[in-house]
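Adding 16 to a residue's 1-based position in the sequence shown gives its number in my numbering.
Heads up, the beta-carbon is just placed ideally off N, CA and C, and yes, glycines get one too.
As the structure is a computational prediction, the values presented were derived from the model and not from experiment.
Let me begin by presenting the structure, written as structure tokens, before commenting on it.
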Amino acid sequence: MTRVSEAEAVQLALRGYVVSTTDGAIVGRLRDHLFIRHRGRRIDLLVDQTTPEDLLLALREIVGAVDVPLCALEHPQACACM
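Printed below as a string of structure tokens:
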């Protein structure tokens, strides 16, 4: 499985993909739930009640990453903030 950045993982999960982040977290969507798994920890969120920003913040919380800017959601490949 190819590992992607947190911002890319959020975008792909919202589209229905299951991906692994560079930190080793698994992020994905299963029917009406989004999930994040990392080192035995687990977060489940409802798709219709979760914004991309909420999902990114939850991902950052579970992996302990604090250096991912929110603007990375809009342009993960070319973000000068990263």
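Of the residues R57, V20, I52 and G56, the one placed nearest T66, counting alpha carbons only:
I52
Which residues DSSP lists as bridging T37, in chain order:
Beta-bridge pairing links T37 to V20.
Could you pull out every residue in the same chain whose Cβ sits closer than 6 angstroms to the Cβ of R57, ignoring the five residues on either side in sequence?
I78
Does DSSP put L64 in a helix, a strand or coil?
Reading off the sequence, residue 64 comes out as Asp, not Leu. Three-state DSSP puts D64 in a helix.
Proximity winner among L46, H54, M17 and R55, relative to G32 (alpha-carbon distances):
Distances from the alpha-carbon of G32 to those of L46, H54, M17 and R55 put L46 closest.
In whole angstroms, what separates the C-alpha of V34 from that of T18?
11 angstroms
To which residues does DSSP link I59 through a beta bridge?
I52
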